[in-house]
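In what follows, a structure is listed as structure tokens, so that the remarks can point back to it.
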Amino acid sequence: MSNELIVGNNTQYQVHIENPHFREVSSQNITVILPAFNEEVSIGSIVLLTKFYSDNVIVVDDGSSDRTAEISGKAGAHVIVHEANKGKGAALKTGFEAAANLGADIIVTMDSDGQHNPAEIPKLVTPIIDGYAEMVNGSRYLSHKDKNTPIYRRVGQTILDTATNMNSGLKITDSQSGFRAFAASTKNVFRFGTQGMAIESEMLADAGRSGLRIKEVEIGVRYDVDCSTISPVQHGLGVLVMVLKDIEFNKPLYYFTVPGLSLGVGGLYMGAHFLQNFTMGGGLSFGPTMLMVLFIVIGTFMALTGIMLHSVSAIMREAKVT
0 MSNELIVGNN TQYQVHIENP HFREVSSQNI TVILPAFNEE VSIGSIVLLT
50 KFYSDNVIVV DDGSSDRTAE ISGKAGAHVI VHEANKGKGA ALKTGFEAAA
100 NLGADIIVTM DSDGQHNPAE IPKLVTPIID GYAEMVNGSR YLSHKDKNTP
150 IYRRVGQTIL DTATNMNSGL KITDSQSGFR AFAASTKNVF RFGTQGMAIE
200 SEMLADAGRS GLRIKEVEIG VRYDVDCSTI SPVQHGLGVL VMVLKDIEFN
250 KPLYYFTVPG LSLGVGGLYM GAHFLQNFTM GGGLSFGPTM LMVLFIVIGT
300 FMALTGIMLH SVSAIMREAK VT
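Letter 230 of the sequence shown, counting from 1, is numbered 229 in numbering that gives the first Met the number 0, and no numbers are missing.
Written out as structure tokens, the structure is:
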């Protein structure tokens, strides 16, 4: 199979020229959303490459101060401009609404900085076209082959994956992937309530609670084009805080009751140990005794709080259904 190497600023990808118009293979309307903030260096190349594999390319310029919108339009994208920076969640919400208006059957989201290879779009949309999934998550770690990921990123990623999976009830290997495909019918499943980079975890939580059929496919990623102005540590902490807040409301038994029971059981164990020493003639130390009481009181309070919040959230979900 013949290949052509397309190079543009920050992007350098192999594109198959034997069948460049993948969109002609399927009758499904494939629309790609590119949220962008000051991406004038890479956005033109990404739009041109993405057009090989889609019917429409939507660039949501989220308050850029450079020529992102102008270059995107010249490259052939549908451009929507946010006058002020609203965050990735708001950009995706705008993009999903625009994709629906363009008659999309499948919506693909990609980062606009060149990290993702548009030539992998067919890999993401195929499970939806074949009827196996309603959402497809591109994963860098599906086969544990991505050795280019810096170790500090991988440690942080593991923490975020664990928290996200606990919140969503899913088993996702790359919870922070921005390269995903969705059946257009899933548009109303997502809240788009998180304005920052935590939107990836929020969408998985929404998908998990809605019972969407989700499949993961392996993708590649380039780290040499990462132009994010947010440090990985700041990004990771922000996502983790959002996930924990989401768990607090939607899964209070995990957030309050389980830790509360752990504290309570620990306090009771300490009490049994102190009681055994006391019956054998030993004395009670003030500090450890107060700590025991504190564990039991706080643990009981947390456990009961979790149960009450769980009941309230269940009532609210039932109210929304009716």
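Virtual Cβ for every residue (Gly too), placed ideally from N, Cα, C.
**Report entry** Met-109 - containing beta strand (DSSP E), residue span
**Finding:** As a first step, residue 109 must be located in the sequence shown, where it is residue number 110. First-last for Met-109: undefined, no H or E at that position.
Report task. Note down the Cα distance separating Pro-34 from Gly-177, rounded to an integer number of angstroms. Result -> Here residue 34 refers to the residue found at position 35 of the sequence shown. Here residue 177 refers to the residue found at position 178 of the sequence shown. So the alpha carbons of these two residues sit roughly 10 Å apart.
Query raised in the report: Is there contact here, the stretch 157-168 with the stretch 55-74, by at least three beta-carbon pairs under 8 Å?
Result: no
Query raised in the report: Applying the criterion that 16 or more other CB atoms from any shown protein chain within 10 Å of the CB defines a buried residue, is Val-292 buried or exposed?
Result: Numbered from its first residue, the sequence shown carries residue 292 at position 293. Classification for Val-292: exposed.
Query raised in the report: Asp-110: which of Leu-211, Phe-36, Ala-132 sits nearest, CA to CA?
Result: The residue given as residue 110 occupies position 111 in the sequence shown. Cα-wise, what sits closest to Asp-110 is Phe-36.
Query raised in the report: Going by C-alpha distance, which of Val-264, Ile-306, Phe-95 is nearest Leu-290?
Result: Indexing the sequence shown from 1 puts residue 290 at position 291. Measuring from the Cα of Leu-290, the nearest candidate turns out to be Val-264.
Query raised in the report: Looking at Ile-127 and Ile-105, is the spacing between their C-beta atoms short of 7 Å?
Result: Here residue 105 is taken as the residue at index 106 of the sequence shown, counted from 1. Here residue 127 is taken as the residue at index 128 of the sequence shown, counted from 1. Result yes, Cβ atoms of Ile-105 and Ile-127 sit closer than 7 Å.
Query raised in the report: For Lys-85, which three-state DSSP category applies?
Result: Here residue 85 is taken as the residue at index 86 of the sequence shown, counted from 1. Residue state, collapsed to three classes: coil.
**Report entry** Reference Gly-72, options Ile-57, Gly-88, Pro-287, Gly-102, closest by Cα
**Finding:** As a working mapping, residue 72 is identified with position 73 in the sequence shown. Comparing Cα-Cα distances from Gly-72 to each of Ile-57, Gly-88, Pro-287, Gly-102, the minimum goes to Ile-57.
Query - Where Gly-75 sits in the DSSP three-state scheme - result: Locating residue 75 in the sequence shown gives position 76, counting from the first residue. The answer is coil: DSSP assigns Gly-75 none of H, G, I, E or B.
Query raised in the report: How would you label Lys-87, buried or exposed, when you count the other beta carbons within 10 angstroms and need 16 or more for buried?
Result: As a working mapping, residue 87 is identified with position 88 in the sequence shown. Counting Cβ neighbours within 10 Å, Lys-87 comes out buried, since at least 16 surround it.
Query raised in the report: Which of helix, strand or coil does DSSP assign to Lys-214?
Result: Here residue 214 refers to the residue found at position 215 of the sequence shown. In the structure shown, Lys-214 sits in a strand (DSSP, three-state: E or B).
Requested in this report: Could you spell out where the beta strand (DSSP E) holding Pro-34 opens and where it closes?
Outcome: One-based indexing of the sequence shown puts residue 34 at position 35. 29-35 is the extent of the beta strand (DSSP E) around Pro-34.
Requested in this report: Find the nearest neighbour of Thr-256 within the set Thr-278, Met-307, Phe-277, judged by alpha-carbon distance.
Outcome: The residue given as residue 256 occupies position 257 in the sequence shown. Cα-wise, what sits closest to Thr-256 is Met-307.
Query - Buried or exposed by the 16-neighbour rule on C-beta atoms within 10 Å, applied to Val-154 - result: For this step, residue 154 is matched to residue 155 along the sequence shown. Exposed.
Query raised in the report: What alpha helix (DSSP H) runs, 4 residues minimum, are completely inside the stretch 116-171?
Result: 120-128, 150-167
Query raised in the report: Thr-193 to Asp-205, Cα distance in whole Å?
Result: Numbered from 1 along the sequence shown, position 194 holds the residue referred to as residue 193. Numbered from 1 along the sequence shown, position 206 holds the residue referred to as residue 205. When rounded, the distance between both Cα atoms is 12 Å.
**Report entry** Asp-205, DSSP secondary structure in three states
**Finding:** Translated into positions along the sequence shown, residue 205 becomes position 206. If DSSP states are grouped into helix, strand and coil, Asp-205 belongs with the helices.
Query raised in the report: Going by DSSP, which residues form a beta bridge with Val-40?
Result: Stepping through the sequence shown from its first residue, residue 40 is reached at position 41. Answer is none; Val-40 lacks a bridge partner.
Query - Whole-angstrom distance between Ala-76 and Phe-51, CA atom to CA atom - result: Taking the sequence shown and counting its residues from 1, one reaches residue 51 at position 52. Taking the sequence shown and counting its residues from 1, one reaches residue 76 at position 77. Computed Cα separation, rounded: 12 Å.
Query - Option in Glu-215, Ile-171, Ile-45, Gly-298 with minimal Cα separation from Gly-137 - result: As a working mapping, residue 137 is identified with position 138 in the sequence shown. When only C-alpha atoms are compared, the closest one is Glu-215.
**Report entry** C-alpha gap between Glu-133 and Ile-297, whole angstroms
**Finding:** Here residue 133 refers to the residue found at position 134 when the sequence shown is read from its first residue. Here residue 297 refers to the residue found at position 298 when the sequence shown is read from its first residue. Using only the alpha carbons, I get a separation of about 43 Å.
Report task. Put Ala-103 into one of helix, strand or coil per three-state DSSP. Result -> Locating residue 103 in the sequence shown gives position 104, where the first residue counts as 1. Three-state DSSP puts Ala-103 in coil, outside helix and strand.
Report task. Please go through the same chain and pick out, in chain order, the residues whose beta-carbon is closer than 6 Å to the beta-carbon of Met-269, but skip the five residues on each side of it. Result -> Taking the sequence shown and counting its residues from 1, one reaches residue 269 at position 270. Once the five neighbours on either side are set aside, the close Cβ partners of Met-269 are Met-291.
Report task. Under the assumption that Ala-90 contacts Asp-54 (Cβ atoms under 8 Å), give the Cβ distance between them as a whole number of angstroms. Result -> Working through the sequence shown from its first residue, we reach residue 90 at position 91. Working through the sequence shown from its first residue, we reach residue 54 at position 55. The pair is not a contact, with the Cβ atoms about 20 Å apart (cut-off 8 Å).
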